[in-house]
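Quick note: to get my numbering, add 482 to the position in the sequence shown (first position is 1).
Remarks on the structure that follows.
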Amino acid sequence: MFDRTKYLQERYRNDSKFREYFKKLVLKSEKKRRGIYRKKLQEHLGNICSKCGFSNTEILEFHHINNNGKKDRLSVTRLKYYSEHLEEAKISLIVLCPNCHSIETNPFLDMDGIVQKTRQRLFGILGRFICERCEFSDFRALQFDHIKGHGFEEKKKFKGGTKMLKYYNARPDLAKIHFTVLCSNCNRIKQRENNEFRS
Ligand SMILES: [Zn+2]
Ligand SMILES: [Zn+2]
C-alpha cells in the first residue's frame, strides 16, 4: 500500500525544492496559529500596553512578569498553552509594547561595557539620539534601523549586532547612508509595513 508519510519524508530528504516549499508551509501555518493564540490572550490580558497604553495590537508583546522569558520562550506551543490556561496566563504574563518590553527586560544598561559604548559611538556618528518617526528618546529602546531594510541579513552576515556596529563605527560615511534611529515600536511597525521578517 502507498505509504504517504514515508513518501513525504523521503521527498523532504531528497528534493530541495520540496523541502523549501514544505518549510514555508509550516511557517505559514505557525504564523496563523500564533495569531489566533495571541488574539485570544490579548483579549484576556488586555489590548494595550499595560505600561504606556500603546494600542497597536499587531506589535504588542507578552512579557513574563517574573522575567523568566529566557526559560519559557513563547513558542507557538507555549502560546497555545497559555491561551488554554488563561488564569495562569494572567499571573504570568502582561501585555507590553516593544519599547516598554525592551526597557523592562534591560532596565540597567552597562554604559561602560563594549556593547553600549559601540552603540553610543554610532548614535554619535548619526547625530541622532531620538526615534526618527516618533521622537521617543529612551536609550534602552532605541535601535539602528537599516534604511533599506535588510537588517536581518546583515546581522546574519556579521554573526551578531556588535560586530556589525563596530564595522560601521569604522566607516562613518557608510553608516550615515545605511542607518537611521528608530525606537523598537516604530522599527516593528516599519518591518510590518515592508513585510520584513526574520528568515
Ligand atoms: Zn508601552
Ligand atoms: Zn518611534
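Glycine included, C-beta positions come from ideal geometry on N, C-alpha and C.
R516 has its CB no nearer than 7 Å to any heavy atom of ligand 2.
Of all alpha-carbon atoms in K599, E675 and E586, the one lying nearest the alpha-carbon of G643 is that of K599. The straight-line gap separating the alpha-carbon atoms of R615 and K505 is approximately 35 Å. Excluding the 5 residues flanking it on each side, F536 has same chain C-beta neighbours closer than 6 Å at C579, in chain order.
Assigned with DSSP and collapsed to three states, D485 falls in coil, not helix or strand.
A direct Cα-to-Cα measurement between H660 and M646 gives close to 12 Å.
Relative to the non-hydrogen atoms of ligand 1, the Cβ of C582 comes within a distance shorter than 7 Å of at least one. At the C-beta level, R603 and L561 stay beyond 8 Å of one another. One alpha carbon belongs to Y563, the other to N581, and they sit about 26 Å apart. I585 counts as buried, since at least 16 other C-beta atoms from the protein chains shown sit within 10 angstroms of its C-beta. In this chain, the alpha helix (DSSP H) harbouring T644 covers G643 to N651. Between ligand 2 and the CB of C613, the shortest heavy atom gap is smaller than 7 Å. With contacts defined by Cβ atoms closer than 8 Å, I547 and S574 form a contacting pair. Residue state for C665 is assigned as strand, using DSSP reduced to three classes. Here DSSP, grouped into helix, strand and coil, assigns H628 to strand. Taking the C-beta atoms as reference points, A657 is found nearer than 8 Å to L608. Not one heavy atom of ligand 2 is found less than 7 Å from the C-beta of N676.
Nearest in C-alpha terms to N677, of all of A652, K630, N651 and L664, is K630.
Less than 8 Å divides the Cβ of V577 from the Cβ of Q524. By the neighbour-count criterion, in which a residue is buried when 16 or more other Cβ atoms sit within 10 angstroms of its Cβ, N667 is buried.
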